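Here's the structure we're looking at; comments come further down.
Residue numbers (this note's numbering): 6 to 370.
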């Protein structure tokens with residue numbers, strides 16, 4: 006089969022011929038139909054070892070985070086899935102044997118790893134060895150625990166966005182939002198933020214407030230549901246805190262979800278924090294890397310919570326797929342930019358031209 010592999014940092018990916026992998030007893034073999042391109046992937050590939058807190062796979066490596074496809078072979082111990090099933094492959098890998106895994110908290114596993122991207126500790130290489138193929142290839146193996154079954158209503162191209170959508174969905178769940186509630190999405194027009202807005206609508210959130218810079222993109226987001234979405238640009242004369250308090254009767258918001266892009270300075274995050282009401286919760290899934298000062302005494306006095314959230318479970322992914330199949334969430338706003346596997350380097354170079362969160366760059370082998 007063909008696979009796009011990175012052989013040397015800073016060089017383009019090469020299209021290599023490699024053996025089709027064989028699934029182990031608890032694995033399946035998936036024929037890849039689409040794989041999303043993470044907006045930050047090009048930066049990671051150029052600076053692979055500049056991230057000391059992360060574990061990168063040994064080279065050559067097959068990247069590709071969000072793969073979807075069809076089950077074409079399964080191991081003898083795989084039950085409940087059939088040949089021909091349409092699936093999204095959750096790239097989250099974990100050991101399955103540690104206490105956190107046994108307690109169904111895989112994100113806390115010391116070996117937690119993103120297949121086709123990077124890991125979070127020295128233990129990750131063992132999981133890269135178990136599952137060496139990301140989604141930029143024609144076939145990949147995956148553990149049965151990673152599979153989300155997709156209804157026909159969800160296209161492979163749309164499901165290739167599931168990673169960002171799922172990250173936002175889990176943040177909404179951790180923030181406790183639901184029917185009748187209000188949420189502020191910091192960075193609503195970006196790849197993360199737009200998905201959070203769509204699933205907030207699906208969960209029945211009554212008032213969705215969003216921040217961003219590009220007024221045109223913000224207006225496109227507001228137009229999705231003008232009755233429930235309101236937006237604020239960083240260039241507006243009215244300060245964000247005043248705007249939020251005006252729209253919430255002076256109380257502030259019960260939940261802020263921070264979806265700012267990588268390397269954003271800390272000031273916009275701090276401003277969003279200031280809009281929290283008493284008892285509010287701030288969930289960060291964004292890319293701010295600066296140290297953020299928090300007044301812990303004020304947070305204690307106001308009964309506020311600050312949470313970091315990483316990725317999502319396969320159960321979350323299945324809930325999302327079921328919501329989409331039932332019509333609870335409308336994912337038709339995405340503008341798919343589709344590339345063949347041979348054109349993966351062109352796709353990476355064009356990512357900077359995307360139309361905010363509306364653009365969905367996908368490799369279809």
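Ideal placement from N, C-alpha and C gives every residue a C-beta, glycine not left out.
Since the model is a prediction, treat every value here as computed from it, not as a measurement.
Residue span of the alpha helix (DSSP H) that contains residue 323, given as start and end: Counting from 1 along the chain shown, the entry for residue 323 is found at position 318. Taken as a continuous stretch (DSSP letters only), the alpha helix (DSSP H) holding residue 323 covers 319-331.
Backbone CA spacing between residue 353 and residue 42 [nearest angstrom]: For the purposes of this step, residue 353 is taken as the residue at position 348 of the chain shown. For the purposes of this step, residue 42 is taken as the residue at position 37 of the chain shown. Cα-Cα distance, rounded: 8 Å.
Residue 39 beta carbon less than 7 Å from that of residue 73: On the chain shown, residue 73 is found 68 positions in, with the first residue counted as 1. On the chain shown, residue 39 is found 34 positions in, with the first residue counted as 1. Contact flag set, yes.
Segment limits, alpha helix (DSSP H) that includes residue 196: On the chain shown, position 191 is the one that residue 196 refers to. 196-207 is the extent of the alpha helix (DSSP H) around residue 196.
Selected residue, minimal CA-CA separation from residue 187, among 196, 201, 197: What you label residue 187 is simply residue 182 of the chain shown in a count that begins at 1. Closest by alpha carbon: 201.
Completely contained beta strand (DSSP E) runs for the stretch 7-56, where each covers 3 or more residues: 7-11, 19-22, 32-41
For residue 189, three-class secondary structure by DSSP: For the purposes of this step, residue 189 is identified with residue 184 of the chain shown, where counting begins at 1. Strand, per DSSP.
Local conformation of residue 364 per DSSP, three classes: As a first step, residue 364 is located in the chain shown; it is residue number 359 there, counting from the start. Strand at residue 364.
Spatial neighbours of residue 1 in its chain, beta-carbon cut-off 6 Å, leaving aside the 5 residues before and after: The structure shown does not extend to residue 1, since the chain is modelled only from 6 through 370, so no value can be given for it.
Where residue 296 falls, given that 16 or more other Cβ within 10 Å makes a residue buried: Here residue 296 refers to the residue found at position 291 when the chain shown is read from its first residue. Flag for residue 296 reads exposed.
Outcome for residue 71 when other beta-carbon atoms lying within 10 angstroms are tallied against a minimum of 16: Start at 1 with the first residue of the chain shown, and residue 71 comes out as number 66. Buried, because 16 or more other Cβ atoms sit within 10 Å of the Cβ of residue 71.
Three-pair Cβ contact test at 8 Å for the stretch 74-91 versus the stretch 151-161: yes
Cross-strand partners of residue 311 (DSSP beta bridge): One-based indexing of the chain shown puts residue 311 at position 306. DSSP lists 287 as partners of residue 311.
Inter-residue CB distance, residue 278 and residue 261 (contact presumed, cutoff 8 Å): To locate residue 278, count along the chain shown from 1; it is residue 273. To locate residue 261, count along the chain shown from 1; it is residue 256. Indeed they touch by this definition, with Cβ atoms about 7 Å apart.
Same chain, Cβ closer than 8 Å to residue 323, five either side skipped, listed in chain order: Along the chain shown, one-based indexing puts residue 323 at 318. Once the five neighbours on either side are set aside, the close Cβ partners of residue 323 are 153, 154.
First through last residue of the beta strand (DSSP E) which encompasses residue 278: Mapped onto the chain shown, residue 278 falls at position 273. Not the beta strand (DSSP E): residue 278 falls in the alpha helix (DSSP H), residues 272-278.
Alpha carbon of residue 269 to alpha carbon of residue 293, nearest angstrom: Numbered from its first residue, the chain shown carries residue 269 at position 264. Numbered from its first residue, the chain shown carries residue 293 at position 288. Approximately 5 Å between the Cα atoms of the pair.
Nearest-angstrom Cα separation, counted from residue 68 out to residue 125: In the chain shown, counting from the first residue as 1, residue 125 sits at position 120. In the chain shown, counting from the first residue as 1, residue 68 sits at position 63. Roughly 16 Å separates the two Cα atoms.
Residue 220 beta carbon less than 7 Å from that of residue 314: Residue mapping note: residue 314 aligns to position 309 of the chain shown, counting from 1. Residue mapping note: residue 220 aligns to position 215 of the chain shown, counting from 1. No, the Cβ-Cβ distance between residue 314 and residue 220 is not below 7 Å.
Residue 177 versus 369, 47, 289, residue with shortest Cα-Cα distance: In the chain shown, the residue the question calls residue 177 occupies position 172. Per the C-alpha coordinates, the member of 369, 47, 289 positioned closest to residue 177 is 289.
Selected residue, minimal CA-CA separation from residue 283, among 64, 317, 272, 311: Within the chain shown, residue 283 is the residue found at index 278, counting from 1. Comparing Cα-Cα distances from residue 283 to each of 64, 317, 272, 311, the minimum goes to 311.
For residue 173, three-class secondary structure by DSSP: Counting from one through the chain shown, the residue named residue 173 turns up at place 168. Residue state, collapsed to three classes: helix.
Test: residue 138 CB closer than 7 Å to a CB of chain B: Among the chains of the structure shown, chain B does not appear; only one protein chain is present.
Backbone CA spacing between residue 334 and residue 208 [nearest angstrom]: For the purposes of this step, residue 334 is identified with residue 329 of the chain shown, where counting begins at 1. For the purposes of this step, residue 208 is identified with residue 203 of the chain shown, where counting begins at 1. Cα to Cα, the separation comes out at about 8 Å.
Neighbourhood of residue 340 by C-beta distance below 6 Å, restricted to the same chain and skipping five residues each side: Working through the chain shown from its first residue, we reach residue 340 at position 335. Answer for residue 340: 363, 364, listed in chain order.
Same chain, Cβ closer than 7 Å to residue 163, neighbours up to 5 away in sequence not counted: Here residue 163 corresponds to residue number 158 of the chain shown, with the count starting at 1. Excluding sequence neighbours, residue 163 sits near 336, 339.
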